[in-house]
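One structure is given below, encoded as structure tokens.
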Amino acid sequence: DFDQVISAIEGAETLEALEALRIQYLGKAGEITGLMKRLGGMSPEERREMGPLFNGYQRDANAAITARKDTLETAALDARLAAETIDLSLPAPATPRGAVHPVSQVMDELAEVFADLGFAVATGPEIEDDWHNFTALNMPESHPARAMHDTFYFPDRNDDGREMLLRTHTSPVQIRSMIQQGAPIRIIAPGRVYRSDSDATHTPMFHQIEGLVIDKGIHLGHLKWTLEAFLKAFFERDDIVLRLRPSYFPFTEPSIEVDVGYSSQGGRRVVGGSGDAPGHAWMEVLGSGMVNRRVIAAGGIDPDEWQGFAFGIGVDRLAMLKYGMDDLRAFFDGDVRWLSHYGFSA
Ligand code: PHE
3 DFDQVISAIE GAETLEALEA LRIQYLGKAG EITGLMKRLG GMSPEERREM
53 GPLFNGYQRD ANAAITARKD TLETAALDAR LAAETIDLSL PAPATPRGAV
103 HPVSQVMDEL AEVFADLGFA VATGPEIEDD WHNFTALNMP ESHPARAMHD
153 TFYFPDRNDD GREMLLRTHT SPVQIRSMIQ QGAPIRIIAP GRVYRSDSDA
203 THTPMFHQIE GLVIDKGIHL GHLKWTLEAF LKAFFERDDI VLRLRPSYFP
253 FTEPSIEVDV GYSSQGGRRV VGGSGDAPGH AWMEVLGSGM VNRRVIAAGG
303 IDPDEWQGFA FGIGVDRLAM LKYGMDDLRA FFDGDVRWLS HYGFSA
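Going by full-length UniProt numbering, the first residue of the sequence shown is number 3, and it counts up by one from there.
See below:
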């Protein structure tokens with residue numbers, strides 16, 4: 003009887019079960035729909051009696067289904083909200099995090115140390131022309147020092163006839179700064195440089211930081227003080243000992259190569275102390291010198307009025323020394339295990 007229909011609807015456990023009941027009673031071939039169809043074949047008396055009754059079934063069944071549907075939907079939503087609650091007290095899953103590469107780290111540290119000494123940062127192009135990279139730096143075309151640079155040349159000349167190359171050092175930025183800003187100058191120029199060379203201590207691309215000071219009355223004492231101050235600040239040690247060796251660069255006169263003393267402790271190089279002390283050795287970290295007057299003139303500055311010093315630091319070498327790394331090539335392999343071994347990633 004009809005009471006059972008209503009209790010079946012009210013007892014439906016799921017929306018699917020409820021829909022099945024709707025089809026069973028009220029669908030096109032449903033039982034209540036069937037009763038309604040039968041009205042058409044009845045006599046007027048029968049119809050007057052049964053019509054309101056069947057209409058009542060249809061209306062009440064519909065109302066019961068709508069009410070039950072509402073209840074089931076609300077329950078489903080509540081269940082979903084409960085299931086999707088985020089527990090903020092749970093520990094987050096560990097996600098690997100990136101870190102600054104040791105070379106970038108050292109570049110930043112160097113720039114910071116030199117900023118404290120009053121140096122501004124200058125830049126120049128990595129694709130450089132022969133004039134800025136060599137000629138203006140007192141290396142005319144036939145100069146033997148050019149051969150020592152293992153230069154990557156571009157096969158074709160530029161549209162304006164310039165011979166192009168990948169800069170072999172950051173020294174061309176000296177020339178660009180002199181031409182651009184004139185004297186006085188106090189800049190560093192960090193960047194990539196390229197030479198056709200590769201072994202445990204050489205990679206075809208590496209990093210330098212150039213330094214240039216042009217002012218009046220500048221002498222070797224200024225250079226020595228600056229390098230000492232910077233190396234002590236960079237390595238955060240007061241016992242840094244420098245060895246200044248006479249050397250040769252076409253663009254400086256006199257030219258000086260600078261070594262720092264270090265010792266090996268447990269297979270790790272530790273900077274500090276004289277390289278001549280027992281258990282110690284010297285490591286070359288930079289080239290420098292008083293800027294050759296011909297270079298000052300090539301930069302459009304009067305060398306009788308202005309003097310200066312310049313230096314070029316091997317950044318990758320300094321990074322190896324500071325962080326106790328021994329193979330330069332590993333710097334550019336991008337191996338996260340190697341980086342994290344030295345504490346450079348999470
Ligand atoms: N440009 C030199 C090199 O790459 C380094 C240097 C820079 C030397 C400035 C003296 C002065 O080896």
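Even for Gly, the Cβ is constructed at its ideal location relative to N, Cα and C.
>> Considering only DSSP beta bridges, list what M150 is partnered with.
In response: Bridge partners of M150: none, in fact.
> Thinking just about the alpha-carbon of each residue, which of L90, F4, T125 and L74 is nearest to the one in R61?
Replying inline: F4
>> Quick check on H221: buried or exposed, where buried means 16 or more other Cβ atoms within 10 Å of its Cβ?
In response: exposed
>> Within a Cβ cutoff of 8 Å, which residues of the same chain sit near I242, ignoring the five residues on either side of it in sequence?
In response: E230, L233, K234, V262, G263, V273 and G274
>> Check whether the region 129–145 and the region 94–102 touch, using three or more Cβ-Cβ pairs below 8 Å as the test.
In response: no
>> Nearest by alpha-carbon distance to G219: which of A84, R188 and W308 is it?
In response: W308
> Is Y264 helix, strand or coil when you go by DSSP?
Replying inline: strand
>> Using 8 Å as the threshold, is the C-beta distance between G314 and T172 below it?
In response: yes
> Counting only runs that start and end within the region 112–148, where is the beta strand (DSSP E) found for 3 or more residues in a row?
Replying inline: 129–131
> If you draw a straight line from the alpha carbon of Q26 to that of T35, how long is it in whole angstroms?
Replying inline: 9 Å
> What number of angstroms, rounded off, separates the C-alpha of I189 from the C-alpha of A94?
Replying inline: 46 Å
> Straight-line CA distance for R331 to P127?
Replying inline: 24 Å
> Roughly how many angstroms lie between the CA atoms of E259 and D329, to the nearest whole one?
Replying inline: 22 Å
>> Could you tell me the alpha carbon to alpha carbon distance between F121 and G345, rounded to whole angstroms?
In response: 30 Å
>> Is F121 close to chain C? Criterion is C-beta to C-beta, closer than 8 Å.
In response: This model lacks chain C altogether, as it is built from one protein chain only.
>> For a minimum of 3 consecutive residues, which ranges assigned as the beta strand (DSSP E) are wholly contained in the region 284–346?
In response: 309–316
> So V293 packs on F251, CB below 8 Å; how close in whole Å?
Replying inline: Their Cβ separation, rounded to whole angstroms, is 10 Å, which puts V293 and F251 out of contact at 8 Å.
> Considering I8, what are the terminal residues of the alpha helix (DSSP H) in which it resides?
Replying inline: F4 to E12
> Would Q176 be called buried (16 or more neighbouring beta carbons within 10 Å of its own) or exposed?
Replying inline: buried
> Less than 7 Å between the CB of F313 and some heavy atom of the ligand PHE, yes or no?
Replying inline: yes
> If we ignore side chains and look at the alpha-carbon of each, how far apart do residue 412 and A312 end up?
Replying inline: For the chain, the structure presents residues 3 to 348; residue 412 sits outside this window and is missing.
>> If I measure Cβ to Cβ from F156 and keep anything under 6 Å in the same chain, skipping five residues before and after, which residues do I get?
In response: M166
> CB-CB under 6 Å to D217, same chain, minus the five flanking residues each way: which ones, in chain order?
Replying inline: P186
>> Tell me the rounded alpha-carbon separation between T203 and T87.
In response: 56 Å
> Relative to the C-alpha of F208, which residue among E51, G53 and M109 is closest?
Replying inline: M109
> Sorted by chain position, which residues of the same chain lie with C-beta nearer than 6 Å to I303's C-beta, five sequence neighbours on each side aside?
Replying inline: M180 and A185
> In the structure shown, what three-state DSSP assignment does S179 receive?
Replying inline: helix
> Hey, which unbroken runs of the alpha helix (DSSP H) at 4 residues or more fall wholly within the region 168–217?
Replying inline: 174–183
>> According to DSSP, simplified to helix, strand and coil, what is T73?
In response: helix
> Between G58, M285 and D152, which lies nearest to S266 when the distance is taken from Cα to Cα?
Replying inline: M285
> Less than 7 Å between the CB of T254 and some heavy atom of the ligand PHE, yes or no?
Replying inline: yes
> With distances taken between CB atoms, is the gap from V195 to R169 smaller than 8 Å?
Replying inline: yes
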